[in-house]
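> Sequence order for the protein chains is X and R. Numbering-wise (the numbering used here), the first sequence opens with residue 2 and increments by one. Numbering-wise (the numbering used here), the second sequence opens with residue 66 and increments by one.
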Amino acid sequence: MTTRAVARGVGIATLVLAAFAVEGLLRAGVINRFIVPLPSQVLAALPRIVVEEHVLARFGQTSLEVLWASLLLAAAGIPLGVMLHRYRIVRLACESWVGALAAAPIVLMYPLFLVIFGRSTTTIVMIGFAAGLAPVILKTLEGLAATRVVLQDVGRSFRLSNAQQFWKILLPAALPSVFVGLRLGLIFAMINIVGVEFLINFGGLGQLINELAERYDLPGMYGAILFVVAASILFFDVTERVERWLRPNT
Amino acid sequence: MAAAEHMSAHVRWLRIAIVAFVLIGWEALAMSGLLFRDVVPSLSAIVRALARALASGEFYGNLAVTLGEVGAALAIGGAAGLAAGIALGANRFLSWAYEPFLYYLGPTPKIIFFPVMIMWFGVASGSKIAMGTLSCFFPIVISAAAAMREIDPVLIRVGRSFRASPWQMATRIYLPAMRAPIVNGVRLGLGVAIIGTLLAETKLSNRGMGYLVIQAYATFDMPRMYALLIVLFVLSIGANALIGRLGLPHAPVQRS
């Protein structure tokens, strides 16, 4: 067994031991059971939240919102990145603004989106879209700008038109960076979508946690949080694998 | 040189044109009645609301609460993240054992932990500081661990050859060598600490900037809400840019 595998085992064992320690401290009355539920109760609550709280349907709803946001991100972010690359003066004028947008706390605008779109799926999707837009634009621009000059020269030597140069040279060369941007945008969108679901008590997984908290169902709430963490890990792992599959040479 | 100046002037004019287009478009939309009344208030109404907010003591009191919460969150989360990051970066075994958890939990939406934080720290500032701390811990610890691993081994050997104490190694070798990536981590951490704290304030609070925003929403005072969001965006982007400048390398010392 390699040292790395042993270390992984130690990490997982630490987690299990910590859960047992919390269970022991709760049963001994050192930690208040009205604040922290028994880990065994949390595990027991997992089947309940799957069956009674329809967690899989909620996961499907959140996934659908993320899918809509990702479609909007691809439809708007990539063309905007292409436009910034195509028109240098627009890029010089706007690139720093898009960078500032990436640093802005866009999710704080959710009350504004509530007023415009109502307490609906549209608000959630639009927040996800707005939060993920900047990285898609910036990474598309970065990928196009980093296209090797020799490739562009090859295109010119074949007397390709501007459209041919874009579809046959620039876009294929920029695809790896475009996918990095889409993945980042998807991650931002997913984080904000679950967050807004929780805040406005509407939608899928985020709403479930809010409802369970309001019902003071502590084991269920902790179980739902575990489910969201697991869903996030699965989501990031899948997007990473898709990115690697699309970029086999990197 | 002249061409560059020419281009710079064009860029400046384009920026002015874009801003003017957006402002005129906004005002036209406000006057058109296409959207519900007050959803897009006139620019003058927003400016008046901004002036009223900036002139009121209530605004500064709530701003101070939020700044205090974000500052405490950054101090606690930053110190914990830095210490844990240095420990993980210095020891490969610890890194293999525990860093995967950080990578898994790092991108999880932290706001879902808010009910837990309320249970643990109450409904006052404690739960908001805890939310900010939890949010900023992850980018800082991941940056610090990566920065620690990237320190040039030559620098470490130089420190050891001078028989530097652990404190001297930390303050003279490790921290200066890790400055740029750590500043980047703190910059990311500050951004998410602001978001975590303010979102917690919008969900359950009776003070702070997040509370003011949600109050403006609840009373449908749209000009005030736009004004508050503008202030928050300017402060967030400004703080981000300010910390980013700290990470820039110093100009090399000229030796005569």
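Just so you know, even glycine gets a beta-carbon here, dropped at the ideal spot from N, CA and C. Values in this document were obtained by computation on a predicted structure and should not be read as measured data.
Between G30(X) and N305(R), what straight-line distance do the alpha-carbon atoms span, to the nearest angstrom?
Cα to Cα, G30(X) sits roughly 44 Å from N305(R).
> Take P231(R) as the anchor and find which of A155(R), I141(R), G133(R), L79(R) has the nearest alpha-carbon.
Residue A155(R) is the option with its Cα nearest to P231(R).
> Using a Cβ-Cβ cut-off of less than 9 Å, give me the residues of the region 190-213 of chain R that come near chain X, in sequence order.
From the region 190-213 of chain R, no residue has a Cβ closer than 9 Å to chain X.
> Is there a Cβ from chain X that is less than 7 Å from the Cβ of H75(R)?
At least one chain X Cβ lies under 7 Å of H75(R).
> Cutting at 6 Å between CB atoms, please list the residues of its own chain near S270(R), excluding the five before and the five after it.
Within the same chain, S270(R) has close Cβ partners Y276.
> Can you tell me whether DSSP reads E54(X) as helix, strand or coil?
Residue state, collapsed to three classes: coil.
> Looking at the structure shown, is V318(R) part of a helix, part of a strand, or coil, going by DSSP?
Residue confidence is low: V318(R) scores 45 on pLDDT, short of 50, so the model does not pin down where it sits. No coordinate-derived value is stated.
> Which residues of chain X have a Cβ atom closer than 7 Å to the Cβ of W161(R), listed in chain order?
Per Cβ cutoff of 7 Å: R5, A8, R9.
> With a floor of 4 residues, list each alpha helix (DSSP H) that falls wholly inside the region 148-201 of chain X, ordered by position along the chain.
Whole alpha helix (DSSP H) segments, 4+ residues: 150-158, 172-201.
> Are the C-beta of M182(R) and some C-beta of chain X separated by less than 7 Å?
So, not an interface residue.
> Please tell me whether P246(R) and S190(R) are closer than 7 Å, where the distance is taken between their beta carbons.
Their beta carbons are not under 7 Å apart, which means P246(R) does not touch S190(R) by this criterion.
> Taking a cut of 7 Å between CB atoms, which residues from the region 295-313 of chain R lie near chain X?
The residues in question are L297, F298, S301, I302, N305.
> Between which residues of its own chain and L270(X) is the CB-CB distance below 7 Å, once the five residues before and five after are set aside?
With chain X covering only 2 through 251, there is no way to say anything about residue 270(X).
> Answer yes or no: does any C-beta atom of chain R fall closer than 7 Å to that of V239(X)?
No, because no Cβ of chain R sits closer than 7 Å to the Cβ of V239(X).
> Check whether the Cβ atoms of R59(X) and L161(X) sit closer than 7 Å, and answer yes or no.
Contact flag unset, no.
> Residues of chain R with CB under 9 Å from S233(X), in chain order?
Neighbours of S233(X) on chain R, chain order: Y169, L170, P172, T173, P174.
> Can you look up P220(X) in the DSSP assignment and give me helix, strand or coil?
Three-state result, P220(X): helix.
> Report the rounded CA-to-CA distance for P177(X) versus I79(X), giving the unit in angstroms.
One C-alpha to the other measures close to 13 Å.
> Contact defined as beta carbons within less than 8 Å: I believe P112(X) pairs with Y291(R). What is the distance between those atoms, to the nearest angstrom?
About 10 Å separates the two Cβ atoms, so there is no contact after all.
> Would V104(R) count as contacting chain X if we go by Cβ distances under 7 Å?
Cβ-Cβ to chain X under 7 Å: yes for V104(R).
> Taking C-beta to C-beta, are I238(R) and G143(R) nearer than 7 Å?
No.
> Determine, for L27(X), whether the minimum Cβ-Cβ distance to residues of chain R falls below 7 Å.
Not closer than 7 Å to any Cβ of chain R, the Cβ of L27(X) fails to qualify, so no.
> What is the rounded straight-line gap between the Cα of L134(X) and the Cα of V181(X)?
Their Cα atoms are separated by approximately 13 Å.
> For Y125(R), does the count of other Cβ atoms within 10 angstroms reach 16, so buried, or fall short, so exposed?
Exposed, because fewer than 16 other Cβ atoms sit within 10 Å of the Cβ of Y125(R).
> For my contact list, P136(X) and F189(X) are in at a C-beta cut-off of 8 Å; report their separation, rounded to the angstrom.
So it is a contact: roughly 7 Å between Cβ atoms.
> How about the region 216-223 of chain R and the region 164-172 of chain R: do they share at least three Cβ pairs that are nearer than 8 Å?
Verdict: no, contact absent.
> Enumerate in chain order the residues of its own chain whose CB-to-CB distance from W91(R) is below 8 Å, with the five nearest sequence positions on each side excluded.
Here the set comprises V105, L108.
> Within 10 angstroms of the Cβ of Y223(X), are there 16 or more other Cβ atoms? Answer buried if so, exposed if not.
So Y223(X) counts as buried.
> Would you say L104(X) lies against chain R (beta-carbon separation less than 7 Å)?
The sequence as given places Ala at residue 104(X); Leu does not occur at that position. Yes, its Cβ sits closer than 7 Å to a Cβ of chain R.
> Which residue from V7(X), F35(X), P106(X), P40(X) puts its Cα closest to that of G256(R)?
The shortest Cα separation from G256(R) among V7(X), F35(X), P106(X), P40(X) belongs to P106(X).
> Starting from M287(R), find everything on chain X with Cβ-Cβ shorter than 9 Å and list it in chain order.
Within chain X, the residues near M287(R) are L113, V116.
> Hey, could you find the ends of the alpha helix (DSSP H) Y282(R) is sitting in?
Here the alpha helix (DSSP H) through Y282(R) covers 274-283.
> Any C-beta of chain X sitting closer than 7 Å to the C-beta of G261(R)?
No - not a single Cβ of chain X is within 7 Å of the one on G261(R).
> Along the alpha helix (DSSP H) that carries A211(R), what are the first and last residues, could you check?
Where A211(R) is concerned, the enclosing alpha helix (DSSP H) stretches over 190-214.
> Would you call the CB atoms of I279(R) and I210(X) closer than 7 Å?
Contact flag unset, no.
> Going along chain X, which residues have a C-beta under 8 Å from V278(R)?
Those within 8 Å of V278(R) in chain X are L109, P112.
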